[in-house]
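Yeah, the sequence shown ends on 164 if you go by my numbering, and it's all consecutive.
Ideal placement from N, C-alpha and C gives every residue a C-beta, glycine not left out.
Every value quoted in this text rests on a predicted model; they were computed, and no experiment measured them.
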Amino acid sequence: MSLIDLNDWARRKIGGLPGVAPPSQTNDNAYMNTPTREEFEARMAAAEARADARFIAFEKTIADAVGSLRLDISEVAGEIKAANVEMAHLKNFKANIWGSAATVIGALLALASIAVAMFESGRNTAALVSTSPAVVAPAVQTPQPIIIQIPQSAPTPAPVAPKE
1 MSLIDLNDWA
11 RRKIGGLPGV
21 APPSQTNDNA
31 YMNTPTREEF
41 EARMAAAEAR
51 ADARFIAFEK
61 TIADAVGSLR
71 LDISEVAGEI
81 KAANVEMAHL
91 KNFKANIWGS
101 AATVIGALLA
111 LASIAVAMFE
121 SGRNTAALVS
131 TSPAVVAPAV
141 QTPQPIIIQI
151 PQSAPTPAPV
161 APKE
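Have a look at this one:
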């Protein structure tokens with residue numbers, strides 16, 4: 001307990017402390033620890049200086065962070081440019097894939113059309129064979145033997161015995 005609180009208690013209980021005047025007979029400002037205007041302004045100036053120092057430190061921290069972010073961003077941008085240079089040969093990769101797919105589909109369609117044409121050709125041949133046996137029968141006859149005649153020529157001379 002402070003002296004002021006103790007005096008207040010004593011005044012209520014026993015009429016005050018010995019040697020201490022009651023508050024009504026003293027200066028009201030005597031109990032207050034009121035700073036003077038100069039002290040108040042000095043405290044405010046000190047608080048402002050501390051706040052300014054903290055703000056300057058904060059600004060420096062933010063500036064350093066932004067600077068490092070800028071460096072990181074520039075490094076990433078450089079890496080992206082390098083990757084773009086490396087991937088330049090793949091620029092038309094998607095178009096190449098679609099072109100290859102179209103070529104394969106075209107080849108499959110051509111193969112299907114050839115298969116249909118062959119099937120139709122076989123069907124037409126089967127229809128001709130079944131409708132015209134008279135036309136086909138002579139072609140199926142047994143073949144005639146081919147006789148080759150060798151012309152007669154002068155008699156060949158007898159072999160001569162070798163001389164010894």
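Coarse secondary structure for residue i, derived from DSSP in three states
i	result
Val160	coil
Met118	helix
Thr34	coil
Ile146	coil
Met87	coil
Residue interval of the alpha helix (DSSP H) (run including residue i)
i	result
Lys91	From DSSP, Lys91 is part of no alpha helix (DSSP H); its letter is neither H nor E.
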